[in-house]
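Numbering (the working numbering), first residue to last: 38 to 281.
Each residue gets a CB set at the ideal place from its N, CA and C atoms; glycine is no exception.
First comes the structure, then the notes that go with it.
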């Protein structure tokens with residue numbers, strides 16, 4: 038069985054497109070939780086394009102009350118600005134169950150690659166993990182399915198890795214799944230938990246999990262898009278059926 042954590046960024050993005058409080062991210066997140074998911078994921082960015090720090094704090098309270106996991110994604114080196122306290126400050130306040138570290142830049146529309154432990158990210162992340170573990174039960178690094186990157190994440194002290202599944206989702210099949218299978222086996226040998234996310238949907242999720250039985254998948258854009266047609270409860274059930 039694979040746990041499903043729903044990324045609610047797109048709900049906040051739709052709300053922010055108009056301003057005000059509709060759709061209400063707290064109400065819809067509660068509906069998602071009541072539909073049976075294992076967790077809620079958010080990715081607060083410095084430009085506040087979707088999730089805001091205030092969203093993070095109210096969702097932390099909701100997930101704690103509902104006894105489901107709260108996963109905060111983001112670049113740990115994102116600095117503060119007038120409306121954003123900085124990623125590490127958010128973690129310190131919210132104290133999530135899982136902190137997923139993603140090397141995204143301010144200009145990126147969405148995350149599109151993992152950390153590069155081989156060439157540039159190796160040394161500074163070890164100290165970073167120790168600091169973040171003071172306020173998060175579990176640390177996960179967003180990685181590409183490359184053996185050296187998993188080994189670098191392990192050396193940095195991570196508890197889990199999250200596979201960036203974009204390349205698989207672009208062309209699901211035996212060729213694209215093979216690197217994930219090999220790195221999944223390596224992750225287990227390294228005693229790492231395995232998460233996965235990015236562009237997974239109702240069409241490609243089952244094949245992925247049949248070959249890479251991850252501990253958790255984080256799905257947002259596709260699930261929220263599907264819910265516009267089928268409704269949240271029915272959509273969540275379909276994703277849960279694939280995870281189970």
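Decide if residue i is buried, meaning its Cβ has at least 16 other Cβ atoms within 10 Å, or exposed.
i, result
"residue 160", "Only weak support is given to the placement of residue 160: the predicted model assigns it a pLDDT of 49, under 50, and the value that follows is read from those uncertain coordinates. Under this definition residue 160 is an exposed residue."
"residue 55", "exposed"
"residue 130", "exposed"
"residue 196", "buried"
"residue 74", "buried"
"residue 279", "buried"
"residue 59", "exposed"
Could you tell me the alpha carbon to alpha carbon distance between residue i and residue j, rounded to whole angstroms?
i, j, result
"residue 114", "residue 102", "30 Å"
"residue 271", "residue 226", "37 Å"
"residue 173", "residue 128", "7 Å"
"residue 194", "residue 83", "26 Å"
"residue 186", "residue 192", "10 Å"
"residue 155", "residue 224", "17 Å"
"residue 253", "residue 168", "24 Å"
"residue 269", "residue 235", "19 Å"
"residue 257", "residue 222", "26 Å"
"residue 183", "residue 150", "11 Å"
"residue 213", "residue 245", "10 Å"
"residue 152", "residue 188", "12 Å"
"residue 177", "residue 267", "32 Å"
"residue 204", "residue 216", "10 Å"
"residue 70", "residue 57", "23 Å"
"residue 87", "residue 53", "6 Å"
"residue 11", "residue 247", "Coverage of the chain is limited to positions 38 through 281, which leaves residue 11 absent and any answer about it impossible."
"residue 210", "residue 190", "27 Å"
"residue 175", "residue 262", "29 Å"
"residue 62", "residue 89", "11 Å"
"residue 44", "residue 93", "12 Å"
"residue 170", "residue 38", "26 Å"
"residue 20", "residue 281", "The chain is shown only over 38 to 281; residue 20 falls outside these bounds and no answer can be derived."
"residue 97", "residue 166", "21 Å"
"residue 91", "residue 164", "28 Å"
"residue 85", "residue 208", "31 Å"
"residue 220", "residue 126", "32 Å"
Could you give the C-beta distance for residue i and residue j, rounded to a whole number, given that I count them as a contact under 8 Å?
i, j, result
"residue 81", "residue 111", "6 Å"
"residue 40", "residue 78", "Incorrect: roughly 11 Å between the Cβ atoms, too far for contact."
"residue 276", "residue 260", "6 Å"
"residue 231", "residue 206", "Contact doesn't hold; Cβ gap of about 17 Å is too wide."
"residue 218", "residue 249", "6 Å"
"residue 117", "residue 255", "The Cβ separation is near 25 Å, so there is no contact."
"residue 95", "residue 76", "Rounded, the Cβ-Cβ distance is 16 Å, inconsistent with contact."
"residue 72", "residue 228", "The Cβ separation is near 32 Å, so there is no contact."
### Query
Are there three or more Cβ pairs, one per stretch, closer than 8 Å when the stretch 105-124 is compared with the stretch 236-245?
Touching, no.
### Message
Using a Cβ distance threshold of 8 Å, determine whether the stretch 123-137 contacts the stretch 200-208, with at least three qualifying pairs required.
### Response
No: the two stretches stay apart, fewer than three of their Cβ pairs being nearer than 8 Å.
#### Entry: the stretch 40-52 touching the stretch 65-72, judged by at least three CB pairs closer than 8 Å
A contact between stretches requires three or more CB pairs, one per stretch, nearer than 8 Å, and the stretch 40-52 meets this requirement with the stretch 65-72.
### Query
Which whole runs of the alpha helix (DSSP H) in the stretch 200-255 are 4 residues long or more, in chain order?
DSSP runs (the alpha helix (DSSP H)) wholly in the stretch 200-255: 203-207, 211-226, 242-248.
### Query
Residue ranges of each beta strand (DSSP E) run of no fewer than 3 residues wholly in the stretch 99-187, ordered along the chain?
Here the runs fully enclosed are 106-111, 135-138, 175-180.
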